[in-house]
Each structure stands twice: as structure tokens, then as C-alpha cells.
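Right, one structure below, let's go through it.
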Amino acid sequence: MRTGRQQRASSPVFLLALFTALAVPPVATATATAAEPSLSGNFLPAVIAGSEPHRQSLVGLIRGKPGLPAWVRNMVSRDRYVALASKRVEIEGKSMQLFAACQPGNCAASALRVLYSADGKRAVLRIADVRLGTIVLGEPKPAELDVLAAD
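Each step along the sequence shown adds one to the number in the working numbering, with nothing skipped, and position 76 is 102.
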């Protein structure tokens with residue numbers, strides 16, 4: 027059985043431990059990182075299906091443009107293309123998302139790279155097609171064009 031003196035001594039220790047546990051804020055870095063979308067490791071068909079800004083910016087680039095390969099014209103409505111995982115790239119101090127895709131069974135002859143702003147609201151696109159040549163859409167800045175043209 028505890029004496030009154032032992033009980034009084036343990037109460038302040040318990041209160042101090044409780045106060046310390048409640049006063050220390052949770053780790054903000056882990057929370058911020060978890061809430062921030064990853065710009066790498068994503069696949070274009072899933073991003074187009076799940077993000078309206080990405081979808082709309084891509085539609086804005088290709089809708090009504092003559093001379094595009096059929097697989098590119100249809101890529102928003104049909105995901106019948108080979109898509110590689112996205113990469114996060116830094117251009118002029120801004121994080122961007124780079125996707126690569128190509129025509130199935132014909133990747134060496136018809137491929138594209140699309141670069142999105144982190145929020146998906148802006149996109150620039152470069153198509154390299156053996157028959158149609160190189161097509162650039164979206165008015166990329168010189169640094170963006172360098173990334174789009176790199177292999």
C-alpha cells in the first residue's frame with residue numbers, strides 16, 4: 027500500500043510526462059511529405075484517369091491538332107500505348123513531372139514525352155515519329171524543350 031508521500035511524489039511525475047507528450051507537436055515533415063503528391067513513379071493512363079488538371083491540359087494540347095499519330099490522338103480516351111513510370115525533374119527551380127509513352131510494338135518509330143507542371147495544369151509535349159517527324163505542342167521554354175528532347 028502506498029503512503030501519502032509516495033502518492034504525491036508520483037503525481038507530479040505523471041503530470042509532467044502527460045504534459046510533455048501532449049505539448050510536443052507531431053512530426054510535421056512526415057505529414058507534409060505524405061500529403062505532397064509524388065511526381066515520380068506514376069503512369070500516364072492512371073494520372074489522366076485520376077487527375078482532371080492533367081487530363082484537361084493534355085486534351086488542350088492534342089484536341090483538333092492535325093498530323094498527330096492515331097495512338098496519340100486517342101490516348102486520353104484509350105490507354106492503348108506503352109507508358110513508362112514518370113520521373114520528377116527540376117527545371118529552372120521548379121519541380122515537374124516527365125512521362126514517356128510510345129506506340130505498342132513500334133516504340134522506336136513513334137514515341138512521346140510529356141512534361142507537366144507539379145499541379146498538372148500546364149503541359150508541354152514532344153512527339154517523335156519516323157513518318158510524321160518531330161511535333162512539339164504547348165510552347166515549351168528552352169529548358170523544357172531540352173528535357174523533352176533528351177533520351
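Using N, Cα and C, we set each Cβ at its ideal position, and we do this for glycine too. Everything numeric in this text was worked out from a predicted model, so none of it was measured.
Please report the distance separating the alpha-carbon of residue i from that of residue j.
i, j, result
"LEU138", "SER64", "21 Å"
"GLY67", "TYR142", "14 Å"
"ASP105", "GLU78", "16 Å"
"VAL98", "GLU170", "20 Å"
"LYS147", "HIS80", "6 Å"
"GLY131", "ILE161", "21 Å"
"GLU116", "PRO92", "31 Å"
"GLY119", "ASN100", "33 Å"
"SER103", "PRO71", "9 Å"
"VAL73", "ALA109", "11 Å"
"ALA127", "ARG114", "16 Å"
"VAL140", "PHE69", "12 Å"
"ASP172", "GLY90", "26 Å"
"ALA144", "PRO168", "18 Å"
Would residue i pass as a contact of residue j if the rule is Cβ separation under 8 Å?
i, j, result
"ILE88", "LEU163", "yes"
"PRO95", "ASP177", "no"
"PHE125", "SER136", "no"
"TYR107", "GLN123", "no"
Just mark residue i as buried or exposed, buried being the case when its beta carbon has 16 or more other beta carbons within 10 Å.
i, result
"PRO166", "buried"
"LEU158", "exposed"
"ALA75", "exposed"
"ALA134", "exposed"
TODO: Go through the region 72-134 residue by residue and report every complete run of the alpha helix (DSSP H) that reaches 4 residues or more, in order.
DONE: 78-88, 96-99
- [ ] Report yes or no: do three or more beta-carbon pairs, one from the region 146-159 and one from the region 66-85, lie closer than 8 Å?
- [x] Taking 8 Å as the limit for Cβ pairs, the verdict is that the region 66-85 does touch the region 146-159.
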